[in-house]
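Engineer: All residue numbers for the sequence shown refer to the working numbering, where the first residue is 6 and numbers rise by one.
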Amino acid sequence: MNKDHVGQLNQLFFEYITLYHHRIGHIFTVDNNDEPLCNKNQKKALFVIKKYRRVIQKDLGKSMDLSKGALTSLLDSLEEVNLIKRISDKDDRRKRWLELTQQGLEYTNAKLTLYENELSKMLKNVEEKEILRAINNLKQLTSFIETI
6 MNKDHVGQLN QLFFEYITLY HHRIGHIFTV DNNDEPLCNK NQKKALFVIK
56 KYRRVIQKDL GKSMDLSKGA LTSLLDSLEE VNLIKRISDK DDRRKRWLEL
106 TQQGLEYTNA KLTLYENELS KMLKNVEEKE ILRAINNLKQ LTSFIETI
């Protein structure tokens, strides 16, 4: 493994993360004031749960880089407003599964539509071939990261 390549990859990861938050990530703060009002981390948690349909609490914490305490507080708040439900694993009492409630599913669908509309506005002056190229590049990046 070439040390220069590793350094370059590391630098590009940081550059991507910074650019993403600066240029794109702000669309997740756009809101239509639907109740319940969720903060950014609550929304991220809902989207992760939606993506996998069902996720183990510990895995959600890892994917969001949250401590156990922060995750517990976040999940308590989502459960309180009936957006998620916790389900004990039948075979392992230590595991807790997370699923969206019907209300949680409707909420995330509405937010995703809102965010896609915002992204469409951002991309209105970008050529379709550039968008397709970005999609392919992000698919490759995702596949690469999954191999690590």
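Even for Gly, the Cβ is constructed at its ideal location relative to N, Cα and C.
Alpha carbon to alpha carbon, how far is Gly66 from Asn15? Give it in angstroms, no decimals.
Structural biologist: Each residue's Cα considered, the two are about 23 Å apart.
Engineer: Looking at the strands, I want to know which residues DSSP matches up with Ser158.
Structural biologist: Look at the range of the chain in this structure, 6 to 153, and you will see that residue 158 is not part of it.
Engineer: Measure the alpha-carbon distance for Glu121 versus Phe33 and round it to whole angstroms.
Structural biologist: Cα to Cα, Glu121 sits roughly 10 Å from Phe33.
Engineer: Using CA atoms only, rank isn't needed, just tell me which of Tyr21, Asp39 and Leu80 is closest to Asn46.
Structural biologist: Checking every option, the nearest Cα to that of Asn46 belongs to Leu80.
Engineer: Output yes or no for whether 8 Å exceeds the beta carbon distance between Gly109 and Leu88.
Structural biologist: Cβ atoms of Gly109 and Leu88: closer than 8 Å.
Engineer: By Cβ distance, which residues of its chain are closer than 8 Å to Trp102, with the 5 residues on each side in sequence left out?
Structural biologist: Same-chain partners within the cutoff: Arg59, Val60, Ile61, Gln62, Arg91, Ile92, Ser93 and Asp94.
Engineer: Helix or strand or just coil, what does DSSP make of Ile61?
Structural biologist: Strand, per DSSP.
Engineer: Beta-carbon within less than 6 Å of Glu104's beta-carbon, same chain only, minus the 5 sequence neighbours each way: which residues are those?
Structural biologist: Excluding positions up to five away in sequence, the list reads Arg59 and Lys90.
Engineer: Does the separation of the CB atoms of Leu51 and Tyr112 fall below 8 Å?
Structural biologist: In this structure, Tyr112 lies closer than 8 Å to Leu51 by Cβ.
Engineer: For Asp39, tell me which candidate among Leu76, Val86 and Glu135 has the shortest Cα-Cα distance.
Structural biologist: Looking at the Cα atoms, Val86 is the closest of the given residues.
Engineer: Classify Val53 as helix, strand or coil using the three-state DSSP reduction.
Structural biologist: Note: Val53 maps to helix in three-state DSSP.
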